[in-house]
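> Numbering (the working numbering), first residue to last: 3 to 312.
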Amino acid sequence: MAINIKRTSWSVGWATLRDLEIIQTVIDQGSVTNAAEQLGISQPAVSQTLNQIEKRCGKKLFTRENNKLIPNSDALLLYEEIANIAESFSRLSHFHHQEKKRSLRILVPPTLAYGFINQVTALFIKTYQINVHLEISRSEQLLSLIAKEQADIVITDNMTINSNYNLTQIPMRETQIICAIPKTHELCTKNIITPDDLHEQSFIALVKNNIGRTVIDRALNKSKSKPNIIAEVSDQNTAMTFVKNGLGVSLINSFPIIETEDIVYREFTPTITSNIFFFTSKKTEHETQLYIEFIKEHQPEASLFSIPIK
């Protein structure tokens, strides 16, 4: 008659996990001597444990033939159960590693992506071996997407903040709007640019549905400055490319900046400040916090127009 092995059997006293390991090793090795060597304990200790197990469960599990232990049907049934337990423990030991394979979903606007986030995220993946889904999207869409649980992290500036979204906000960097000027332009001689300086100047503007455009227009309209808009672009990288090619000047965020000898950057007044934030849902996963800490740690040092927020 086979032993009725129940999941709770060892918890009521007839065997411990160490006992089960000894039984499994004896069956695998075929002898007490080999099992003792494999387990790093004495041969008498193995024999004593087997005798105690057989006494407690009320069944013989092995027969001796030519100095070998031959498991009977009860022992082989027990061996199958022990193998299932070992497999379960193996899965538990790899649980943390498996959790890290979950894809971390990140949304970021084009300027931040190409100017900073893409490069540091690549380093993050190499460092932690965490799968990342990085998607570039327009700023005005970002918070609505994370509110719909389509992302774990959104990285953008606080000009996009909408109080209707119940999100956690973690500051990364303090920035301000500055003026990007072609190196041969007459405005390069000035240290500070005002709205009056931009009046009737060839100007590269952000498209009207960009939230940053609304803030800049407000400052210009207040001074009754009317730049000559020759191009409207959806992102800051394009604006700086146009400036680099001498098409006109532009008002851009001071982070990230494309360092090039073809563009001169000047302070703009009245000062328009903003902060770059990580936006997450109220329930933050381990990988999300790890990524935020990594990005903050690897962002550039303070510059003339932008400062890390530790």
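For glycine and all other residues, C-beta sits at the position ideal for the given N, C-alpha and C.
If you reduce the DSSP assignment to three classes, tell me which class V251 lands in.
The residue labelled residue 251 in the question sits at position 249 within the sequence shown. Correct three-state label for V251: strand.
> Between the Cα of A153 and the Cα atoms of H135, I278, N212, which residue gives the shortest distance?
Start at 1 with the first residue of the sequence shown, and residue 153 comes out as number 151. Considering only alpha carbons, the answer is H135.
> Inspect the beta-carbon positions of Q313 and I84 and report whether they are closer than 8 angstroms.
In this structure the chain extends from 3 to 312, so residue 313 is not present and cannot be described.
> What residues in its chain sit with their C-beta under 7 angstroms from that of C190, if we drop five residues either side in the sequence?
For the purposes of this step, residue 190 is identified with residue 188 of the sequence shown, where counting begins at 1. Closer than 7 angstroms at the Cβ level, and outside the excluded window around C190, lie I183, V266.
> Quick one: is Q313 buried, meaning 16 or more other Cβ sit within 10 Å of its Cβ, or exposed?
Missing from the structure shown is residue 313; the chain here goes from 3 to 312 and no further.
> When the Cα atoms are used, what is the spatial distance from E101 to T51?
Within the sequence shown, the letter at position 99 stands for residue 101. Within the sequence shown, the letter at position 49 stands for residue 51. Because E101 carries a pLDDT of 48, less than 50, the predicted location of this residue cannot be relied on, and the following value inherits that uncertainty. Spanning the two alpha carbons is a distance of roughly 38 angstroms.
> Roughly how many whole angstroms lie between the Cα atoms of L109 and P197?
Position 107 of the sequence shown, counted from the start, is the residue given in the question as residue 109. Position 195 of the sequence shown, counted from the start, is the residue given in the question as residue 197. Cα to Cα, L109 sits roughly 33 angstroms from P197.
> Which same chain residues, not among the five before or five after F244, have their C-beta less than 8 angstroms away from its C-beta?
As a working mapping, residue 244 is identified with position 242 in the sequence shown. Hits under 8 angstroms: I206, A233, V235, G250, S252.
> By alpha-carbon positions, which one of V156, I155, Q171, L208 ends up nearest to I179?
Walking along the sequence shown from the start, residue 179 turns up at place 177. Comparing Cα-Cα distances from I179 to each of V156, I155, Q171, L208, the minimum goes to L208.
> Going by the CB atoms, is the gap between T65 and N74 shorter than 8 angstroms?
Position 72 of the sequence shown, counting from 1, holds the residue named residue 74. Position 63 of the sequence shown, counting from 1, holds the residue named residue 65. In contact: N74 and T65 (Cβ atoms closer than 8 angstroms).
> Quick one: residues in its chain with C-beta nearer than 8 angstroms to the C-beta of S33, no 5 flanking neighbours on either side, listed in chain order?
For the purposes of this step, residue 33 is taken as residue 31 along the sequence shown, with counting starting at 1. Excluding residues within five positions, the ones whose Cβ falls inside 8 angstroms are N69, K70, L71.
> Buried or exposed: where does R175 fall if 16 or more other Cβ atoms within 10 Å of its Cβ makes it buried?
The sequence position of residue 175 within the sequence shown is 173, counting from 1. Buried: at least 16 other Cβ atoms inside 10 Å.
> What are the residues that DSSP puts in a beta bridge with S276?
Counting from one through the sequence shown, the residue named residue 276 turns up at place 274. Within the DSSP secondary-structure output, S276 pairs in a beta bridge with T177.
> Could you check the C-alpha separation between I172 and F280 for me, to the nearest Å?
As a first step, residue 172 must be located in the sequence shown, where it is residue number 170. As a first step, residue 280 must be located in the sequence shown, where it is residue number 278. Cα to Cα, I172 sits roughly 5 angstroms from F280.
> Mind checking which residues open and close the beta strand (DSSP E) that includes L71?
If you number the sequence shown from 1, residue 71 lands on position 69. It spans 70 to 73 - the beta strand (DSSP E) in which L71 sits, taken as one unbroken run.
> Drop a sphere of 10 angstroms on the beta-carbon of P258, count the other beta-carbons inside from all chains shown, and report buried for 16 or more, exposed for fewer.
Within the sequence shown, the letter at position 256 stands for residue 258. Flag for P258 reads buried.
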